[in-house]
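To keep things clear, I will list the structure first and then write my remarks on it.
2 protein chains.
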Amino acid sequence: MLPTMADTHPRITEARLHPQLEAIFRAWGFPADQAAVSADVLTAADLFGIDSHGITLIPLYDELVRSGTVATAPDICIVRDFGATAVIDGGGGFGQAPSLQAVDLAIDKARAFGIGAVAVRNSNHFGAAGIYALRAAERGFVGLATTAVFQASIVPTHGREARFGTNPIAFAAPAGRNPPFLLDMATSTVALGKFKLYARDDKTMPPGWALDQTGRPQTDPNQALVDRLMTPLGGVRESGGHKGYGLATMVEILSTILAGSSYAPLRAAGAERNDVGHFHLALHPEAFRDKGVFESDLDALLEALRATPPADPAQPVMVAGDPEYAARERRRRDGVPVPRSLLAQVQGIAERIGAEFSLAETAGSEPPVSR
Amino acid sequence: MLPTMADTHPRITEARLHPQLEAIFRAWGFPADQAAVSADVLTAADLFGIDSHGITLIPLYDELVRSGTVATAPDICIVRDFGATAVIDGGGGFGQAPSLQAVDLAIDKARAFGIGAVAVRNSNHFGAAGIYALRAAERGFVGLATTAVFQASIVPTHGREARFGTNPIAFAAPAGRNPPFLLDMATSTVALGKFKLYARDDKTMPPGWALDQTGRPQTDPNQALVDRLMTPLGGVRESGGHKGYGLATMVEILSTILAGSSYAPLRAAGAERNDVGHFHLALHPEAFRDKGVFESDLDALLEALRATPPADPAQPVMVAGDPEYAARERRRRDGVPVPRSLLAQVQGIAERIGAEFSLAETAGSEPPVSR
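Sequence lines, in order, name chains A and B. Remember, this note's numbering sits 57 above the position in the first sequence when you count from 1. Remember, this note's numbering sits 57 above the position in the second sequence when you count from 1.
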C-alpha cells in the first residue's frame, strides 16, 4: 500500500509538542499559567487526532494576537456567582484558561449541588470543545461544553448567508471499565477540513454539505472553501437540516445569550475584541445514582452499542470517543504527524515573536512511521 | 388547488378535545390530576401541529394499558433530592404527570440555585418533549427535556439493528417581544410519519433516511415502515450520521443512565413495565444576566435569524418554534384536524373503557375549513 500523506509528515512527540506550544503562548505575552493551559488543550486535541484544533491553530492565533483582537495578558475573573451557577469574564484572551477555570468551578458546584453551570463571556477561540467535557468526565462528572464562534459559516435553513459558526456541542460521561463516552461535534454537516480533502483529491462533493451564494447546493469543493457557506447537520430541510440549525441556535443561546457575549453577526463594527462566549456544565452522577452504578450502567450501554451487528463485518460499530482514544494511543506512541509546511509556518512565527523553535527535524531521529 | 387530506378531516376544537382526552385517561383509571395533565400535554401537541403526539397516541396508550405495561394508578414520588437536582419515580405510569412535576421542581431549584435538573425513572411514554421545555420558558427559564423511548428504531452508525428510540431533544428559551425559542427534535433523520407520507404517495424515499436489514440504504417506504430501521440525524457516516448517533446516545445517558431506568435493548425479558427515563433541566437567566437582558438579547438573535436573506423569497427563514406557533394560532381558531378513521378508533376505545365519547361529528357544526 502506498503511504498516505500523513505517513510522510514528520512525527512530533507529545514531549516536544507541548513545550513548543507553551513557549509560543508565553512569547505572545500570556502569563505562564495561561500559556500552560492553552498548550495543554491544543496538545490534547492533536493527540486525539483532532488536527484542526491542535498546532494548526497557531497561525490563526498569531493573526488574532497581531491584530489585537485577542488580549495577551487578560484578567480572568468571576463576575457572577449564584449558587450552582457562575459567569466568568475571560478578559478578552483566548478561551482555554477561563474555560478550564469554568469547568473546574462547575465541577465544584456539581459536587455541592448535584449540578453546576458556568458561562464564559469576553473570550475568544477555546480550541476543541471535547477537551473540556472530558475533563469533567475524567473527574467523575458528566460534562457538557458549547461555544460560539466569531466567524459565521453555518447557513440557517432556507437562507443564503451564514449566521453561525460551527457552534460545537461536546458531551462526556464517566464509565467504569471503559474510557469516558466522548461526543465532540460541530453542528454543521461536515467540517471545513472535508471540503479541503475533496479539493485536494479534485472530487465533486455530495450535494447537501455546502451552499452556493444563491442558497443552492454547492458541490465544487474549491468554491465551497471560498464561500464558506455550510449546511447545518442534516443538510437541506428535507433531510433534517432544520434540526442542525436548531442545535446551532441552542448552542448560540447557551454560549452567547446566557453568558452575555456578542452574537457575531450583530457585533459592533470596529469592536476591539471578538467577545466569544462559552458554556460549561457538570452533573454529579452520585446525586442521581448510588456510587458506581452510573458508571457500570454506562459500561453496559457502551458495550451493547459496540456489539450491534455491523453492516460490514470489517467496520464494527463504535461509540463516540472510540476514534479519538485510538488516535491518542497511536500518537502517544508514534508522535503527532505535522505537515512540513505547517512546521515552517510555526517556525516563522516563533522566530518573529522570540520563542525558541524546538521542532526542527533532526535527520533520522523521527523517521516517517509506516503503519 | 385541490384540498389536502387534512382539509377534509373533521376539525375538533381545543374545548372539545381536552375533555375527551381527560375522560379517557380517567376511564383507564388514572387519578383526576394525572388525567388532566396527560390531556394537557396531548392537547398542546395537537394544537402545535405535532400530530404524532396528540390524540393519535390514544390507540398506542390503550395497548399499553391493556397489556399492563403501564400502571394506571401510579404512585409518583421524589426518591432523591440533592440541592439543585432530584430524581422522581414515575410509579410505572405515563410520563406526563411525573415530567410536569419534574419541570416544576427543576424551575424551583433554578430559582434558588441558578440551575436545576430532575431525572424521572420508572416512567413510560411522555408525549412531545417540547411541551416540557416550553413550560420552563413560559415561566421565564431556559428549559431542556430529553427522553428515552421503549421501542428501538435508530440504528447506530455502521450497524444494521436499531439500538435507540427516536430519543428527542427539546430546548426552549424565553424571549421578550417574541414567543420562546422552541426546538423539539428527534435525533433520527426524519420522523416515521415521513415514511408514511411517501408510502401514501407511492414515492421512493431518498437514500439516507432508512436502512434495510443488511444496513444498506432503504428507499422503499413500505418496507421501511415494516423494518423501522432509521438513520440517526445526518444519515450515513459521510454526511454526519455519527453525530446524530452521538446525540441519541447523549439523550440515552441523560434520560436512562442518570435516572436509573432501563436501557430498552437490555431490559429484562418479561419485565412488567417499560421503565422509561426522562431528563428535565431549567436554567435561570437572572443568575447569568441582569433582569430582562437575556430576553432582549434573544429577541435580537431571533430577529437577526429571521432576517437572513432567503434562498427563495417565497420561503423566509424561520426559527425553531415558528411553525408550531403558527399551527397553534390556526388550530385554536379552526380546530385540530383529526382523521375520521382515528376518531372511530378513539370512539371504540372510549366505549369499551366506559368513557363518554363527545367527538361525534354533528352535521354542519364543524365543516371542513379550506385555507
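Every residue gets a Cβ at the ideal spot worked out from N, C-alpha and C, and that includes glycine. As the structure is a prediction and not an experimental result, all values here were calculated from the model.
Residue-level contact to chain B via CB, residue i, 7 Å cutoff
i	result
P322(A)	yes
T261(A)	no
M287(A)	no
H335(A)	no
H66(A)	no
L240(A)	yes
I211(A)	no
G272(A)	yes
L59(A)	Its pLDDT being 44, under 50, L59(A) is placed unreliably by the model, and the measurement read from it follows with that caveat. No, L59(A) does not count as interfacial toward chain B.
Within 7 Å, strictly: CB atoms of residue i and residue j
i	j	result
V282(A)	F252(A)	The sequence shown places Leu at residue 282(A), not Val. In contact: L282(A) and F252(A) (Cβ atoms closer than 7 Å).
M242(A)	K300(B)	yes
A227(A)	A176(A)	no
G334(B)	R178(B)	yes
G197(B)	S210(B)	no
E352(A)	P231(A)	yes
A339(A)	I164(A)	yes
A143(B)	L157(B)	no
P367(B)	H215(A)	yes
E86(A)	T129(A)	Correcting the residue type first, residue 86(A) is Gly in the shown sequence and not Glu. The answer is yes: Cβ separation under 7 Å.
G152(A)	F183(A)	yes
T288(B)	T246(B)	yes
N331(B)	T126(B)	yes
R429(B)	H337(B)	This structure gives no information on residue 429(B), because the portion of chain B shown stretches from 58 to 428.
Beta bridge counterpart(s) of residue i as assigned by DSSP
i	result
T204(B)	H335(B)
M287(B)	I211(B), A267(B)
M242(B)	I226(B)
G173(A)	A339(A)
F221(B)	I211(B)
G292(B)	Paired residues: none, contrary to the question.
Q372(B)	Answer is none; Q372(B) lacks a bridge partner.
CB contact below 7 Å: residue i versus chain A
i	result
V293(B)	no
L355(B)	yes
F228(B)	yes
G421(B)	Since pLDDT at G421(B) reaches only 41, below the 50 mark, its modelled position is unreliable, and the value read off the structure follows with that caveat. Not an interface residue.
G184(B)	no
Q280(B)	no
G298(B)	no
I314(B)	yes
G303(B)	yes
N-terminal and C-terminal residue of the beta strand (DSSP E) that residue i is part of
i	result
A248(A)	Looking at the DSSP string, A248(A) is not in any beta strand (DSSP E), and its letter there is neither H nor E.
D146(A)	142-146
Contacts around residue i, its chain only, beta-carbon distance under 8 Å, and the 5 residues preceding and following it disregarded
i	result
G411(A)	A84
D284(A)	A267, L268, D269, Q270, Q275
D354(A)	R346
F414(A)	Q77, V403, Q404, A407, E408
Q280(A)	D269
P380(A)	G106
Where the alpha helix (DSSP H) through residue i begins and ends
i	result
A154(A)	153-170
V136(B)	Not the alpha helix (DSSP H): V136(B) falls in the beta strand (DSSP E), residues 134-139.
G187(A)	186-195
T306(B)	298-309
H75(A)	71-85
Y320(B)	It is not in any alpha helix (DSSP H) - Y320(B) carries neither H nor E in the DSSP assignment.
S95(B)	89-104
G405(B)	397-410
V350(A)	350-363
D379(A)	379-391
V122(A)	115-123
Proximal residues to residue i (C-beta, below 7 Å), its chain only, five neighbours per side dropped
i	result
Y382(A)	P236
A248(A)	S109
E418(A)	P67
V376(B)	F238, L359, L362, R363
P396(B)	H66
H75(B)	A96, T100
E71(A)	T100, L104, R389
6 Å Cβ shell around residue i - same chain, five flanking residues per side excluded
i	result
K166(A)	A141, G173
M262(A)	Y255, T276, P278
G200(B)	A190, A193, A194, A229, A339
A384(A)	F105, G106
Residue i CB to nearest heavy atom of the ligand GTP below 6 Å
i	result
I410(A)	Absence of the ligand GTP is noted for the structure shown, with no ligands found whatsoever.
Proximal chain E residues relative to residue i, where beta-carbon distance stays under 7 Å
i	result
R73(A)	Absent here is chain E; the protein component of the structure consists of chains A and B.
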